[in-house]
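Quick note on the numbering used here: the sequence shown kicks off at 179 and runs consecutively. To start, the structure under review is shown below, and the notes come after it.
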Amino acid sequence: MEPAPRSRRSIALTRVEKWFVYSAAIGVWASGALWLLFKYFMRMEGEFGPEHNPLEPLWQKLHGVFGYYAMFAIGLLWSIHVVSGWSARWRRLSGGTLFGIAVFLAISGVALYYISDQDWRDWTGVVHWAVGLAVLAVFLIHWLSRSRPSRR
179 MEPAPRSRRS
189 IALTRVEKWF
199 VYSAAIGVWA
209 SGALWLLFKY
219 FMRMEGEFGP
229 EHNPLEPLWQ
239 KLHGVFGYYA
249 MFAIGLLWSI
259 HVVSGWSARW
269 RRLSGGTLFG
279 IAVFLAISGV
289 ALYYISDQDW
299 RDWTGVVHWA
309 VGLAVLAVFL
319 IHWLSRSRPS
329 RR
């Protein structure tokens, strides 16, 4: 006997799926925030002036690892949560915005590895971390929203 198709499944994530998605989101957001904190506010005074904090590269590497983990979580969300939610007209504005931001962050994060022009790289980096910090508010709006499917 074949299992029921995923499209007929509830929009809600299982406990394991939630753990997977939330751990990826928390990991990528926290490691990025810690990298920013250590890069801009935790510099150390060295023999020849301010130096980078020795933990800054660790946070950047962890952010990259969590970024790949988050890509798997986005794929999971797409296949289980996003398509079903969109079909049910459930929280389309906040969910669509959140998913679009996640895709933007993935593309801009990968672009930071490949952009060679320093001015473009600096600009992309600032936009990436500004949007990355703000995505927490969009997630909270989506998560805390008690909207019902529209009747259209």
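Just so it is clear, CB atoms sit at the ideal spot from N, CA and C, and this is done for glycine as well. Owing to the predicted nature of the structure, the values given are computational and were not obtained by experimental measurement.
Item, Value
"May I ask you to verify whether the region 249-269 touches the region 195-204, counting CB pairs closer than 8 Å and requiring at least 3?", "yes"
"Assuming contact is defined by CB atoms lying nearer than 9 Å, are residue 272 and residue 316 in contact in what I supplied?", "yes"
"Leaving out the 5 sequence neighbours to the left and right, which residues in its chain are closer than 6 Å to residue 228 when beta-carbon positions are compared?", "221"
"From the DSSP output, in three-state form, read off residue 249 for me.", "helix"
"Between the Cα of residue 278 and the Cα atoms of 301, 267, 309, which residue gives the shortest distance?", "309"
"Relative to the alpha-carbon of residue 288, which residue among 248, 211, 224 has its alpha-carbon at the smallest distance?", "248"
"Once you ignore the five residues that flank residue 184 on each side, which residues in its own chain have a CB closer than 7 Å to its CB?", "Only weak support is given to the placement of residue 184: the predicted model assigns it a pLDDT of 47, under 50, and the value that follows is read from those uncertain coordinates. Same-chain partners within the cutoff: 257, 258."
"What separation, rounded to the nearest whole angstrom, lies between the Cα atoms of residue 200 and residue 226?", "42 Å"
"Provide the residue(s) that pair with residue 220 in DSSP beta bridges, ordered along the chain.", "Beta-bridge pairing links residue 220 to no other residue."
"Counting only the same chain and skipping the five closest in sequence on each side, list residues whose C-beta sits under 8 Å from that of residue 284.", "245, 248, 249, 252"
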